[in-house]
Amino acid sequence: MRYEVIDLERIGDEHGALSFMEAGRTIPFEIRRIYYIYDVSVGEVRGHHAHRRLHQAMWCPSGSVEIFLDDGTERSAVMLDTPERIVVLRPGVWRDYVFHRADSTLCVAASDYYDENDYVRDRDEFRALVEGEYWGP
Ligand code: T46
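In structure tokens form, the structure reads like this:
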């Protein structure tokens, strides 16, 4: 599998809750970039790409976002509808995602700076790369 779902610890009491993730531990790569996606209409589908070398971790601190994943051999969907859940993607995973609530925010920690050359946005190229086991580690 080129992705992993992790349920973080929830440290909570009557005053509220706290969850945490640590680079190099929970997130198995050095973080070079953080971005977040918001103000997306319910039902809008974004993504439609894989990455050649980029590792990413995604979580949804509020709202509900569903991530559809395809690593070329297996397809699955991960519902990020609790702040405690993160999904960690290695290179070579095609992703589409949809916002189920308009007040959702999808947060992403990435292993490198933005580089359009790292994107595979064509399905035929993705399939060829899967067959060639091209992906970075
Ligand atoms: C991913 C999913 C979950 C930048 O200038 N810098 C950045 O760091 C990013 C991520 C994007 N951009 C620009 C590139 C495009 O002009 O923002 C615009 C929208 O990017 P994109 O169409 O790639 O957005 P999504 O939502 O399809 O994908 C993004 C990430 O690009 C991608 O890596 O995994 O969120």
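In our numbering, the protein residues as written are 166 to 302.
The beta carbon of each residue, even a glycine, is placed where N, CA and C say it ideally should be.
Give me the pocket residues for the ligand T46, defined as CB within less than 5 Å of any heavy atom, sorted by chain position.
200, 211, 212, 279
What are the partner residues of residue 264, as DSSP defines its beta bridges?
230
For residue 193, I'd like the list of residues in its chain whose CB is within less than 7 Å of its CB, leaving aside the five on either flank, ordered along the chain.
253
If you run the structure through DSSP and keep just helix, strand and coil, what is residue 280?
Coil.
Quick one: using the 10 Å Cβ neighbour count with 16 as the cut-off for buried, is residue 268 buried or exposed?
exposed
With a Cβ-Cβ cutoff of 8 Å, do residue 224 and residue 256 count as a contact?
no
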